[in-house]
Amino acid sequence: MIRLEDVHKSFGKKPVLRGVSLTVEKGSSTVIIGGSGTGKSVTLKCVLGLIQPDSGRIFVDGAQAKGGDRTEFLSRFGMLFQGAALFDSLPVWQNVAFRLLRGPDALPRPQARDKAIEKLARVGLGPEVADLFPAELSGGMQKRVGLARAIAADPEIIFFDEPTTGLDPIMAGVINDLIREIVTEMGATTMTITHDMSSVRAIADRVAMLHDGIIRWEGDIREMDTTSDAYVQQFIHGRAEGPIAAVR
Amino acid sequence: MGAVESLLAGFGARVIATLAAIGRISIFAVRALLQLITPPFYGREIFNAFLSVGYYSLPVVGLTALFTGGALALQIYSGGARFNAEAVVPQIVAIGMVRELGPVLVGLMIAARVTSSIAAEIATMKVTEQIDALVTLSTKPMAYLVAPRVLAGLVMVPLLVGIGDIIGIMGGYLVGTGRLGFSETAYLSNTVDFLEMRDIVSSLAKGCAFGFIATLMGCYYGMGAGRGAQGVGRATKTSVVAAAVLILAANYVLTEAFFSA
Chain A
-10 MIRLEDVHKS FGKKPVLRGV SLTVEKGSST VIIGGSGTGK SVTLKCVLGL IQPDSGRIFV
50 DGAQAKGGDR TEFLSRFGML FQGAALFDSL PVWQNVAFRL LRGPDALPRP QARDKAIEKL
110 ARVGLGPEVA DLFPAELSGG MQKRVGLARA IAADPEIIFF DEPTTGLDPI MAGVINDLIR
170 EIVTEMGATT MTITHDMSSV RAIADRVAML HDGIIRWEGD IREMDTTSDA YVQQFIHGRA
230 EGPIAAVR
Chain B
51 MGAVESLLAG FGARVIATLA AIGRISIFAV RALLQLITPP FYGREIFNAF LSVGYYSLPV
111 VGLTALFTGG ALALQIYSGG ARFNAEAVVP QIVAIGMVRE LGPVLVGLMI AARVTSSIAA
171 EIATMKVTEQ IDALVTLSTK PMAYLVAPRV LAGLVMVPLL VGIGDIIGIM GGYLVGTGRL
231 GFSETAYLSN TVDFLEMRDI VSSLAKGCAF GFIATLMGCY YGMGAGRGAQ GVGRATKTSV
291 VAAAVLILAA NYVLTEAFFS A
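Which chain is which? The protein sequence lines are A and B, in order. So for the first sequence, the numbering used here puts the first residue at -10; every next one is plus one. So for the second sequence, the numbering used here puts the first residue at 51; every next one is plus one.
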């Protein structure tokens, strides 16, 4: 279980998180929605320790996220980044097997390669992709490789940062389905941030809306369409009129 | 606030910003040096950094040293002719290349070729979240990205300086014997007899210092890059300028240390 308690973060004089409190149950898929620049990525990065919150507390399975053995802590996580964030200098299989090739439990290279090819197959990519470099792949393939890397070490917790941004609707659907299948079969706890409503409906068990630095609304995916919250209704229907100011 | 106060405030802010930058670079340098002796060590990354900093810099270092040595011989010959000192060409080429021009030119070439490449690569990794990805994959960027490159600078640049010194002297030799009429054996024996161990040690020590500065600046500005293409461009430009200025300043300090007495 992941629990954020009153997390604040400012960049310079600009407050981004103004008291985020959120609980993600073990084995559930929670999607955080919200407009651009509302602090969705910052929230995920605070949990991972990539950004230090100014105040507030973050717990993962009851233990505070900061301090302790960072390697051990991070070994429980997998993350798919918005732009995939593949390492340009490494071939695809070494990107996927990056964690498997390093650290105290490192696998021998042939074994790590086999495991990488197995994970690539899981995201619908053949072994012929293994020796290509990221620059030789399309955006959708890069996202799939990023997904394969995120699940390579069978993590307990997986974060997805805008998993379908920049993809065509068909590829976005493929990625959404893959995420749902993988999450179900691995039983992982996941947090996804997106403003793509088709992703939300495909992936989420629970939805939280981040607006103006706080969790504005939180509930089951089945309650999202019927909630009376004006912010959520404006967002999910993409209306220009409503309480969320649109910058024109 | 009056114009004078405003001027002073602006000056003070710049001084504080400069001191803060010096402090940040110093802390980064200490962390990089400590990382050199702290596991984990990434063998492949170290090998690749050695290749990139050392082997692939050989052509540019060799050509720079060759032409500089040749030009130096011509200058000393024509300048020395004004007071009948043409015969000192081998000695002055040797001392000029080994003590000053070899290390400084190699240092500046490394700043142009290696610092820029390191800064651009790491800055691109930063803006495309590859460094965040490294961290989430339980890998310390200081150990994986910075330490191998700094180690390569410390080890390979002195070697490049040594090679540059030899090629520079050979450039002078080729011009001296081919164009200026020096005897081949006399040129070489004058060169060898004139050089002292202190000259060679100072040259290699400068190479070590310049290699450290060049790679450290590339890593520091790359890791601190701002957003987007502009952030990458700014990091690359600033790293090269900082490396070049620091190399020239360090050259003066090291020359004082070795030869002021």
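Backbone N, C-alpha and C define an ideal beta-carbon position, used for all residues, glycine too.
Item	Value
Residue-level contact to chain B via CB, A/Glu68, 7 Å cutoff	One detail in the question is off: residue 68 of chain A reads as Met in this sequence, not Glu. Chain B, which has a Cβ nearer than 7 Å to the Cβ of A/Met68, makes this yes.
Cβ-based burial, A/Asp209 [other Cβ within 10 Å; buried from 16]	exposed
Collapsed DSSP secondary structure at A/His184 in the structure displayed	coil
7 Å Cβ cutoff, A/Thr60 in contact with chain B	yes
Near-chain A residues of the region 171 to 183 of chain B (beta-carbon distance less than 9 Å), N- to C-terminal order	Glu171, Thr174, Met175, Thr178, Glu179, Gln180, Ile181, Asp182, Ala183
Cβ contact check for the region 63 to 76 of chain B and the region 247 to 265 of chain B: 3 or more pairs under 8 Å	no
N-terminal and C-terminal residue of the alpha helix (DSSP H) that B/Val65 is part of	53 to 86
Backbone secondary structure at A/Lys3 - three-state DSSP	strand
Start and end residues, alpha helix (DSSP H) containing A/Met175	158 to 175
Minimum C-alpha distance to B/Gly146 - residue among B/Ser233, B/Met206, B/Leu245	B/Leu245
Assumed close pair B/Thr186, A/Phe66 - CB separation to whole angstroms, cut-off 8 Å	6 Å
CB-CB length for B/Ser253 against B/Arg163, believed under 8 Å	At roughly 20 Å, the Cβ-Cβ gap does not stay under 8 Å, so B/Ser253 and B/Arg163 are not in contact.
Cut-off 7 Å between Cβ atoms - residues of its own chain near A/Ala101, not counting five sequence neighbours on either side	Ala86, Leu89, Leu90
Straight-line Cα distance separating A/His226 from A/Arg237	With a pLDDT of only 47 at A/Arg237, under 50, the local geometry of the prediction cannot be trusted, and no value is derived from it.
Residue from B/Glu150, B/Met220, B/Ala169 whose Cα sits closest to the Cα of B/Leu113	B/Met220
Three-state secondary structure assigned by DSSP to A/Ser18	strand
Cβ of A/Val172 within 7 Å of any chain B Cβ	no
Top-ranked residue by Cα proximity to A/Lys15, from A/Val31, A/Pro4, A/Val49	A/Val49
Buried or exposed by the 16-neighbour rule on C-beta atoms within 10 Å, applied to A/Thr153	buried
Residues in the region 101 to 116 of chain A having any Cβ partner in chain B nearer than 9 Å	none
Residues of its chain near A/Leu199, where Cβ-Cβ distance is below 8 Å and the 5 sequence neighbours each way are ignored	Val9, Ile21, Ile22, Gly23, Thr27, Gly28, Lys29, Thr32, Arg205
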